[in-house]
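For the sequence shown, UniProt numbering assigns the number 1 to the initial residue and increments by one for each residue that follows.
We treat Cβ as the ideally placed atom computed from N, Cα and C, and that holds for glycine.
These numbers were taken from a predicted model, which means no experiment stands behind them.
Have a look at the structure below, then the notes.
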Amino acid sequence: MSRIQTGSFQGMKLLNKSTILNTIRLHSPISRAEIAKKTKLTPATVTNIVTELINENLVCESKVGTSQGGRKPILLTINNRDSFIVGVDVGGHTVRAVVTNLSATIQARDEITLPSPLTKDELLKQIVLVIQAVMTKSKINKDKIIGIGIGMHGVVDHLEGIAIFAPNFQLRQIPIKKHLEAQFQIPVYVENDVRAFTLGETWFGNGKGIDNLICINIGVGIGAGIILNDQLFHGQNGIAGEIGHVIVDINGRKCSCGSYGCLQTIAGGEVLRERALESEQNQELLKKAHNDPNAINGALIYQCAKEGDPLSLQLLADTGRYIGVGVINLIHLINPTRIIIGGGVAKAGDYVLAPLREVVKERALTAQARETEILQSKLGDDGTMIGAATLVLKHLFNPHITL
């Protein structure tokens, strides 16, 4: 991501431009005079920059406002007709992509299942294919695509756009940004999938307006994205938020990371399925699965829980309690205002969240900690894709400023 030097004329102009664009995003429809008032910029500066934004198809004139004396003002909004973004979720088994407008409204979507085993070249090829497919489905001219965002599982260097380690593929040093920019000639931004999901919730979901926030994604693994003082937190080497590898039992089961007793060895989608298969009370689940053990998954367990199956209810409640232990640790470490739970397991809603909240109320350190808000993701399955698109929006609306 480029840094804007505020000591230069060009830097100040870019800063003013992003300020005006963000003001329109947050307060539209809005007049030029109102923008000048909110930003403390001169009317001439606002007029000149708005003209540039209109010419760049980022802003459009929408309607005439109410006059306060004199001519009626022309109101401005974000241009959702002429600028679009591709958001991609590179998961453990699939690559999913959407095309959105600048308000994150989905215009088209596509998905592919990844082959196994997978090489770096094959993975990059599959990502290219799904981007090409979703752009074709959208019927939007490539010239209107202003950026591509990638939410990638594992450890990511978000500055260089490299997947340092993708554990589900056992691949390292994947040059995603370099490869895709060469392929499409469009700016590409890459982030860890859970951090992308967190950014999406911050802009368009249940994290709006929250300066200190944690989003937890519970799927095959468990990860957390952390917002501190309104900034996405990466840590020194980009591994902040790996809550799935917080050790909760030093004598516990071996984890895929090589350690023992990690949180995701007792909670998460894979363990939920394993417990269902191991139980002697799984007759109802097997019946629903037509006696095919491979058909037992989180979605089926949730369905059976809704129908009152005791084992399914117990499995989801246990998962909620185990996740609750990790949540308490995060509350005591970070002290967030709100925690958002997403991912496949979170689809079970209060079957998981109610016991999770109970554990927090029972074991958190202070009365305020016990009242930490815990909500389900608003963006659901689309969270990482919307978040990936938001990576582009973040660069557009809030470029990194060097003070």
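Item: DSSP three-state assignment for Glu160, whether helix, strand or coil; Value: coil
Item: According to DSSP, residues forming a beta bridge with Asp89; Value: Arg96, Gly151
Item: Beta-carbon spacing of Ile328, Arg363 below 8 angstroms; Value: yes
Item: Nearest neighbour of Gly344, chosen from Gly221, Gly11, Ala354 [CA to CA]; Value: Gly221
Item: Chain-order list of residues whose beta-carbon lies under 8 angstroms from that of Arg32 (same chain, five-residue window excluded); Value: Pro43, Val46, Thr47, Val50, Pro73, Ile74, Leu76
Item: Three-way DSSP call (helix, strand, coil) for Lys288 in this model; Value: helix
Item: Outcome for Ala354 when other beta-carbon atoms lying within 10 angstroms are tallied against a minimum of 16; Value: exposed
Item: Residues near Leu199 by beta carbon distance below 8 angstroms, same chain, minus five either side; Value: Glu191, Gly225, Leu232, Gly387, Thr390, Leu391, Lys394
Item: Neighbour-count burial assignment, Leu58, 16 or more Cβ in a 10 Å radius; Value: buried
Item: CB contact flag (Asn398, Ser18, <8 angstroms); Value: yes
Item: 8 angstroms contact criterion, which Val90 and Ala108 should meet: CB distance rounded; Value: At roughly 18 angstroms, the Cβ-Cβ gap does not stay under 8 angstroms, so Val90 and Ala108 are not in contact.
Item: Which of helix, strand or coil DSSP assigns to Val246; Value: coil
Item: Collapsed DSSP secondary structure at Asp309 in the structure displayed; Value: coil
Item: Separation of Leu129 from Gln183, as counted between CA atoms; Value: 11 angstroms
Item: Contact belief for Ile176 with Ala163 at Cβ below 8 angstroms, rounded distance in angstroms; Value: 6 angstroms
Item: Nearest candidate by alpha-carbon position, reference Ile131, set Glu280, Val95, Glu358, Asp249; Value: Val95
Item: Where Ala44 falls: helix, strand or coil (DSSP); Value: helix
Item: For Phe233: DSSP bridge partner residues; Value: Ile226
Item: Between the CA atoms of Ile186 and Tyr302 - distance to the nearest angstrom; Value: 41 angstroms
Item: Alpha-carbon to alpha-carbon, Ala166 and Gly258; Value: 15 angstroms
Item: Per DSSP, the bridge partner or partners of Thr113; Value: Thr94
Item: Asp230, buried or exposed, once every other Cβ within 10 Å from all chains shown has been counted against 16; Value: exposed
Item: Reduced DSSP secondary structure (H/G/I, E/B, other) of Leu171; Value: strand
Item: Residue span of the beta strand (DSSP E) that contains Leu58, given as start and end; Value: Segment: none, Leu58 is in no beta strand (DSSP E) and carries neither H nor E.
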